[in-house]
């Protein structure tokens, strides 16, 4: 795919132009972590593309934690505005990939998700400095994008190297051609250097790969082997709500004046009542069943449906876990 | 064209309410907002309370849509307080229908327990619609007490239909009860069908499903011919929210009827 160079001093101008066309969010550093903030011309623009994924989960942009999906008696939805997401890392792109498959790949298509996705331009960025909690390499993912996003940024000595990944990305470059120059071979070589360095760091962090046939291993696992981790779980659900690939939700109806809103809320399979039916039967009434269900869902069943794991190695689950359970330890031991 | 919002239910009036037992009632809706095939289910919305999944109990060929429902939770508590003429909402149909093409020319052995006869009635009526396509229809039905039997006003008529063989049992009889006494498996000791070729269809509470399936397997029915209603917590009905997954199956999308061959390796599939 074609690449273009943007001089760092032209980034603000580029972002300003994009923001005329829709809201724009970019990562900025605060207390050692990056957070996605909305671009505002009156606030200092201090993007950070070097750190790992943002603390917040970008699934909020496509699948908010509380989302009105229908209204009665008249179903009227507000048209959504165009959005740009800058600096998204490849682990979070895996989340989008999973959602794309569930909400638009599997029939019926979810029109609300599709509209959000269609109206959101994703400009990803390489992840040159993976941290101890990162493990995308164990799941055959790279610390840089090779799809899903429209454009990808790599910071190289001569500036920001934009790689075109979709037709939509190409259109954006073409619309702002005056700001970009065509990338030179040396820039592309620098990108390879950045990427190789990131892969090397990841391999040092996670030197032990998961054993082959992870899906089959999870499917056949003796649940007793995860007993210690399960016993430590305090059911805070941080691993699930923080996960960029978890897509469980429930529907609730709420009266708002004369209208009734049908709201889609994030749910989590660790909740005791998650699978309980009206009559009271509960297929996963015990925590060990629910705990293991998460692994089956992500590494066995989803892999069976789509041949990818519903896990991105972003590490939010292990950083958020109140009991400091490291998902890698469980998977390594299978 | 505006995309169809799969979360929006179609409003429909309750036309008639028929109490079946102290805690089971049939709701006949005014018209048929959705077209369905026997075995598929719908989400029934009680405005401002929420929705729950139910399989219609009426024939797919009827002009009205019926649901026979047991009062068990928040949604059904409110539903039971509604009156004729009030509005509910329907989304669907969801899931796969019974593969009736596989039943053609065969004896169909239906086993129901309690309110589980509701979806089976829809199947039964669909079979009756083309009764010549099937060798014979057998119904075996168990309820807790004579009072708990659903469709009391219809069952005497079903007994009279040529090509239908029906047997009932109750767990606990009373002075008026002349029939069999015992859980539904007591009327499965003798299975008058060719178990090698016949399909059997089961719907009922979890324990009944477990022991009935065990009995049917022991009787020699082929695992792929044992059709089981796996009605789980089907929240969205769209195969997305994940609540109804049992093993690798999304019950709302791959079911709600799965075969014993599908679920036999799943730990406690009926819970």
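Protein chains in written order, with the working numbering: chain A, 85 to 418; chain B, -14 to 256.
Note that the Cβ used here is the ideal one computed from N, Cα and C, for glycine as well.
For this session: Inspect the CB distances between the segment 181 to 189 of chain B and the segment 198 to 218 of chain B and report whether three or more fall short of 8 Å.
Result: Result yes; three or more Cβ-Cβ pairs closer than 8 Å.
Exercise. So residue 55(B) is in the beta strand (DSSP E); what residue range does that whole segment cover?
Worked result: Per DSSP, residue 55(B) belongs to the beta strand (DSSP E) from 51 to 55.
Problem set entry | Per DSSP, cross-strand counterpart(s) of residue 151(B) | Its beta-bridge partners are 124(B).
For this session: Would you grab the beta carbon distance between residue 218(B) and residue 185(B) for me? Rounded to a whole angstrom, and I think it's under 8 Å.
Result: Rounded, the Cβ-Cβ distance is 25 Å, inconsistent with contact.
Exercise. Of all the options 327(A), 359(A), 371(A), which has the alpha carbon lying nearest to the alpha carbon of residue 316(A)?
Worked result: Residue 371(A) is the option with its Cα nearest to residue 316(A).
For this session: Determine the closest residue to residue 84(A) out of 319(A), 304(A), 252(A), 215(A), with distance taken between C-alpha atoms.
Result: Chain A is shown from 85 up to 418; residue 84(A) falls before or after that span and cannot be answered.
Exercise. Can you tell me whether DSSP reads residue 221(B) as helix, strand or coil?
Worked result: The three-state secondary structure of residue 221(B), taken from DSSP, is coil.
Exercise. Taking only beta-carbon atoms, is residue 340(A) less than 7 Å away from chain B?
Worked result: Not one chain B Cβ lies under 7 Å of residue 340(A).
Problem set entry | residue 225(A) in three-state terms, based on DSSP | DSSP, read as helix, strand or coil, puts residue 225(A) in coil.
Exercise. In terms of residues, what are the limits of the alpha helix (DSSP H) holding residue 141(B)?
Worked result: First-last of the alpha helix (DSSP H) with residue 141(B): 140 to 145.
For this session: Evaluate the contact criterion for the segment 2 to 18 of chain B versus the segment 40 to 59 of chain B: three or more CB pairs, one atom per stretch, below 8 Å.
Result: Yes, since at least three Cβ pairs between the segment 2 to 18 of chain B and the segment 40 to 59 of chain B fall closer than 8 Å, the two stretches touch.
Exercise. Is the beta carbon of residue 110(A) less than 7 Å from the beta carbon of residue 264(A)?
Worked result: Result no, Cβ atoms of residue 110(A) and residue 264(A) do not sit closer than 7 Å.
Problem set entry | Test item: CB-CB of residue 123(B) and residue 153(B) under 7 Å | No, these two residues do not count as a Cβ contact at 7 Å.
For this session: Could you please give the first and the last residue of the uninterrupted alpha helix (DSSP H) stretch that includes residue 271(A)?
Result: Counting along the chain, the unbroken alpha helix (DSSP H) around residue 271(A) starts and ends at 269 to 289.
Problem set entry | Which of helix, strand or coil DSSP assigns to residue 350(A) | If DSSP states are grouped into helix, strand and coil, residue 350(A) belongs with the strands.
Problem set entry | DSSP three-state assignment for residue 75(B), whether helix, strand or coil | Per DSSP, reduced to three states, the secondary structure at residue 75(B) is strand.
Exercise. Would residue 245(B) pass as a contact of residue 197(B) if the rule is Cβ separation under 7 Å?
Worked result: No.
For this session: Could you please give me the residues that DSSP links to residue 39(B) through a beta bridge?
Result: DSSP lists 27(B) as partners of residue 39(B).
For this session: Can you give me the start and stop residues for the beta strand (DSSP E) that residue 338(A) sits inside?
Result: Residues 333 to 340.
Exercise. Does residue 347(A) get closer than 7 Å to chain B when you measure Cβ to Cβ?
Worked result: For residue 347(A), the answer is no, since every Cβ of chain B falls outside 7 Å of its Cβ.
For this session: Using a Cβ-Cβ cut-off of less than 9 Å, give me the residues of the segment 185 to 196 of chain A that come near chain B, in sequence order.
Result: Interface annotation for the segment 185 to 196 of chain A against chain B: 186, 187, 190, 191, 192, 193, 194, 195, 196, criterion Cβ-Cβ distance under 9 Å.
Exercise. For the beta strand (DSSP E) that residue 109(B) lies in, which residues bound it at each end?
Worked result: In this chain, residue 109(B) is not harboured by any beta strand (DSSP E); it is covered by the alpha helix (DSSP H) spanning 102 to 114.
For this session: Pick out the complete beta strand (DSSP E) segments inside the segment 90 to 142 of chain A, 3 residues or longer, and give them in chain order.
Result: Those beta strand (DSSP E) runs which fall completely within the segment 90 to 142 of chain A and span 3+ residues are 107 to 114, 117 to 122.
Problem set entry | Collapsed DSSP secondary structure at residue 175(A) in the structure displayed | Of the three classes helix, strand and coil, the one that applies to residue 175(A) here is helix, per DSSP.
Problem set entry | When 88(B), 167(B), 64(B), 36(B) are compared against residue 212(B), the one with the closest alpha-carbon | Looking at the Cα atoms, 88(B) is the closest of the given residues.
Exercise. At a Cβ threshold of 7 Å, is residue -10(B) touching chain A?
Worked result: So yes, residue -10(B) belongs to the interface.
Exercise. Using a Cβ cut-off of 8 Å, which residues of the segment 66 to 95 of chain B contact any Cβ in chain A, in chain order?
Worked result: For the segment 66 to 95 of chain B, which is checked against every Cβ of chain A, the residues closer than 8 Å are 74.
Problem set entry | Neighbour list for residue 356(A) in chain B, Cβ cutoff strictly below 9 Å | Near residue 356(A) there are no residues of chain B at all, since even the closest Cβ is about 12 Å away, more than 9 Å.
Exercise. In whole angstroms, what separates the C-alpha of residue 192(A) from that of residue -9(B)?
Worked result: Looking at the backbone, the Cα of residue 192(A) and that of residue -9(B) are separated by about 8 Å.
Exercise. Can you check whether the CB of residue 25(B) is closer than 7 Å to the CB of residue 104(B)?
Worked result: Going by beta carbons, residue 104(B) and residue 25(B) fall outside the 7 Å limit.
For this session: Taking all protein chains shown into account, decide if residue 148(B) is buried (16 or more other Cβ within 10 angstroms of its Cβ) or exposed.
Result: Residue burial annotation: residue 148(B) is exposed, with fewer than 16 other C-beta atoms found within 10 angstroms of its C-beta.
For this session: Note down, in chain order, each residue of its chain lying with its Cβ closer than 8 Å to the Cβ of residue 144(B), except the 5 sequence neighbours on either side.
Result: Excluding sequence neighbours, residue 144(B) sits near 151.
Exercise. Where does residue -4(B) sit, in a helix, a strand or coil, going by DSSP?
Worked result: In the structure shown, residue -4(B) adopts extended strand secondary structure according to DSSP, grouped into three states.
Exercise. Excluding sequence positions up to five away, which residues of its chain have a Cβ less than 7 Å from the Cβ of residue 254(A)?
Worked result: Answer for residue 254(A): 248, listed in chain order.
Exercise. Where does the unbroken beta strand (DSSP E) through residue 150(A) begin, and where does it stop?
Worked result: Boundaries of the beta strand (DSSP E) harbouring residue 150(A): 150 to 156, taken from the DSSP string.
Exercise. Nearest to residue 41(B) by CA position, among 84(B), 63(B), 110(B), 70(B), is which residue?
Worked result: Shortest Cα-Cα distance from residue 41(B) to any of 84(B), 63(B), 110(B), 70(B) involves 110(B).
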